[in-house]
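Residue numbers (this note's numbering): 225 to 774.
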Amino acid sequence: MTSKARLSLGATLLAGATLVASACGGAAAPTATPAAPGPAATAPATTARSATATSAPAAVKLGGTLRLGTGSNPGMLDAHASRGGHEIEFIRALYDNLVDRDNDMVPRPATSLAESWELVDPKTIVFRIRRGVKNHDDTPLNAGLVKWNMERVLDPATQAAEGGFVRPYVVSIDVVDEYSVRFNLNQPSASLLPLLGDRVGMIMSRAAVEKYGKDIRRNPVATGPFRFVEWVPDTRIVLEKNRDYWQKGLPYLDRLEWRIIPDPTVRLATLVSGELDAQIGLDAKDVAQVKQNPKLRIERFVGASAGYIYGNYALPPWNNVNFRRAVAWAIDRQAIVEGLYFGEGMPAKGPVLPAFGWAYDPKLEAPSRDVAKAKQYLKASGLGDRVEFTLSIHTGPVAARQAEVIKDQLSEVGIIANLRTYETAAWVEAFQRDEIVVMVSGIVLRGDPDAAMGMVFHSDAFFSPGGKRLIAKNDPTQVKLDQLISEAKATYDLKARRAKYDEIQRFILDNAYGVFTFYTTGLDVTYTHVKAWDFGSEGNRRWARVWLDK
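What follows is the structure, given as structure tokens:
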């Protein structure tokens, strides 16, 4: 594995670590993973409806400052180089995407910088760029700027965390005319459009990048609804309204001000005192306290990530399909949600997260607690009626509690899990050395279901360099799964693509390619005077339509 691959793999595992450590403490935001990406257009060509409302609805009150409490500084505000999941709450206010997505993760031209796009053939997409849009420094949006932005993402020197999503199949980008740009692919990829709704498709000012160099990370200039004012580390970040924003009438607020308050108890107390209007993230244990205050409201985003027991399929006992099935049927998912997360979450079914409204199937039949069935599978494994293995976790109280619950549940069917705890960095290194057989991790939301498929389940998966952590490539089971994943990625029709992912999920569950435990619920707290709180499609808050009723 190359050093760059190790870096990206580390980021992926850290995403899982963050999920297990902080599930239900706020919407699980996407973090850097080097998989392949996102959903498709429903038709070969997509044309914008009318852009957006030209004025605010009558009930909306304009102006005011939204005072937000958050837990930490962003690492940077350069959307392309950004890696941290936490950074996106700031970045979403500053940037627009070439392709935006609705709340079901479907590409939406009405709010995109591309007012339409055309699938010329399965490997060629032409985007028509919206006219009259300017960056915060008054430099114009045009096809040349889009080409420059995408080539910046593709350039390894940028260290774009999501560049790995598009680099394998975007061959070149051509300027057709001043407001048309063509993407040339080396294979059909229905995941490209929704991926452009993530950081990889955000557009920024070339002039600003050339002016600031690496300091662009602290001086962002883009086309979004708010423009950068100041960042005082460990204290505050301030943005102000972009009064020339292309979506007429937006944003409703004049300013966004984040106060950085690391201690969650202090942060909640600051909110209750009235010094804040809203708090980003809430521990599930604090929900009952918040509910007692009639002035506060809890905002929820369900299904941005999933708890997941993952293993090395080349090593025993995880290489035994019936052992994996026994584990899957031994887990009481509802007990985990109730006992560890105070009911904030839901039992997981499979790798397609509920946030994918177009692809998620709530009726999918999946394993649930059945001790008798688990014992039958354990017997069928041929490993005996008492099997020991090592279950690895990273440091953190939530991960430890979850592992203890899983250990207790497994013991009731004759499976003895010996827990081994790693510091997070050592956990990543041990995984890379193939020392970890089974671990508690997680899957975080990307722009498209193909991200999880490409990251974990394909024989060329990033979690499985060379296929060595999966069943051998020539195994008929893996060959079939690879074929299904490739077909889904190449299917542009959304309805047909959903059917493919239904088939993939059934196949994954039948063969117990991992054990899915729970879907997280992201929690924020606002005063009741904060209106139109919007988690967007992926749990990354959208700020343009939020307003204050005071």
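C-beta atoms are modelled at their ideal positions from N, C-alpha and C, and glycine is treated no differently.
Item                                                                                                                                                                            : Value
What residue from Gly448, Leu520, Ile630, Leu772 has the CA that sits closest to Ala559's CA?                                                                                   : Ile630
According to the Cβ coordinates, are Leu539 and Val661 closer than 7 Å?                                                                                                         : yes
On the DSSP bridge assignment, give the partners of Trp771 in chain order.                                                                                                      : Lys755
Met329 and Ala579 look like a contact to me (Cβ under 8 Å); what is the Cβ gap, rounded to whole Å?                                                                             : 7 Å
Using a Cβ-Cβ cut-off of 6 Å (strictly less than) and excluding sequence neighbours within five positions of Ala247, which residues of its own chain qualify?                   : Low per-residue confidence applies at Ala247: pLDDT is 49, beneath 50, and the placement is therefore not dependable, though the value from the model is reported in the following sentence. Around Ala247: Thr744.
Can you tell me the Cβ-Cβ gap for Arg451 and Glu481, rounded? I've got them flagged as a contact below 8 Å.                                                                     : So it is not a contact: roughly 14 Å between Cβ atoms.
Given Ile484, which residues of its chain have a CB within under 7 Å of its CB, disregarding the five upstream and five downstream residues?                                    : Thr294, Ser296, Asn297, Asp458, Thr459, Arg460
Comparing C-alpha positions only, which one of Tyr393, Ser635, Ala714, Val323 sits nearest to Pro673?                                                                           : Ala714
Using the Cβ count rule (16 or more neighbours within 10 Å means buried), how would you classify Pro575?                                                                        : buried
Could you tell me the alpha carbon to alpha carbon distance between Thr614 and Gly738, rounded to whole angstroms?                                                              : 15 Å
Determine the extent of the beta strand (DSSP E) in which Ile315 is found, giving its start and end residues.                                                                   : Here Ile315 belongs to no beta strand (DSSP E); instead the alpha helix (DSSP H) covers 312 to 318.
Does the beta-carbon distance from Gly760 to Arg766 come in below 7 Å?                                                                                                          : yes
Alpha carbon to alpha carbon, what distance is there between Gln702 and Val377?                                                                                                 : 32 Å
Of the residues Pro488, Tyr476, Pro449, Leu477, which one's Cα is nearest the Cα of Trp470?                                                                                     : Pro449
Decide yes or no for the touch test of the stretch 510 to 521 against the stretch 317 to 327: beta carbon pairs closer than 8 Å, at least 3 of them.                            : no
Please report the distance separating the alpha-carbon of Tyr776 from that of Arg332.                                                                                           : Outside the shown range of the chain, which is 225 to 774, sits residue 776, and nothing can be said about it.
Shortest alpha-carbon distance to Ala414 belongs to which of His753, Glu711, Ala756, Asn373?                                                                                    : Glu711
Quick check: His360 and Val433, are their CB atoms within less than 7 Å of each other?                                                                                          : no
Tell me which residues share the same chain as Asp302 and place their Cβ nearer than 8 Å to its Cβ, disregarding the 5 neighbours each side in the sequence.                    : Met428, Ile440, Arg441, Pro444
In angstroms with no decimal places, state the Cα-to-Cα distance between Lys228 and Asp773.                                                                                     : Any reading at Lys228 must be qualified, since the residue scores a pLDDT of 37, below 50, and its modelled position is unreliable; the value itself is stated next. C-alpha separation (whole angstroms): 48 Å.
Does the Cβ of Ser497 have 16 or more other Cβ atoms within 10 Å, making it buried, or fewer, making it exposed?                                                                : exposed
What distance in whole Å lies between the Cβ atoms of Gly671 and Gly421, which are believed to be in contact at a cut-off of 8 Å?                                               : 6 Å
Alpha carbon to alpha carbon, how far is Glu589 from Gly637? Give it in angstroms, no decimals.                                                                                 : One detail in the question is off: residue 637 reads as Val in this sequence, not Gly. The alpha-carbon atoms of Val637 and Glu589 are separated by roughly 22 Å.
Quick one: give me the first and last residue of the beta strand (DSSP E) that Pro571 is part of.                                                                               : 569 to 571
Figure out for me which residue from Lys465, Tyr716, Gly620, Arg721 has the closest Cα to the Cα of Pro346.                                                                     : Tyr716
Distance check for Glu568 and Glu562, CA to CA, integer angstroms please.                                                                                                       : 7 Å
Is it true that the stretch 598 to 618 meets the stretch 539 to 553, where meeting means three or more beta-carbon pairs spaced less than 8 Å apart?                            : yes
Using a threshold of 7 Å, state whether the C-beta atoms of Glu402 and Asn366 are closer than that.                                                                             : yes
Have a look at Ser336, Asp362, Trp582, Pro364 and flag the residue whose alpha-carbon is nearest the alpha-carbon of Arg352.                                                    : Ser336
Just tell me which of Val551, Thr289, Leu492, Ser404 has its CA closest to the CA of Ser635.                                                                                    : Val551
Please name the residue or residues paired with Asn321 in a DSSP beta bridge.                                                                                                   : Met426
Can you give me the Cβ contacts of Glu523 inside the same chain, cut-off strictly under 8 Å, excluding the 5 residues immediately before and after it?                          : Leu747, Asp748, Val749, Thr750, Trp757, Phe759
Over the uninterrupted alpha helix (DSSP H) stretch that includes Leu290, give me the two end residues.                                                                         : Segment 289 to 294 is the beta strand (DSSP E) holding Leu290; no alpha helix (DSSP H) there.
So who's on the other strand from Gln633, going by DSSP bridges?                                                                                                                : Partner(s): none; Gln633 has no beta bridge.
What are the uninterrupted segments assigned as alpha helix (DSSP H) that are 4 or more residues long and contained completely in the stretch 553 to 628, given in chain order? : 557 to 565, 595 to 604
Is Lys438 near Val399, with beta carbons less than 7 Å apart?                                                                                                                   : no
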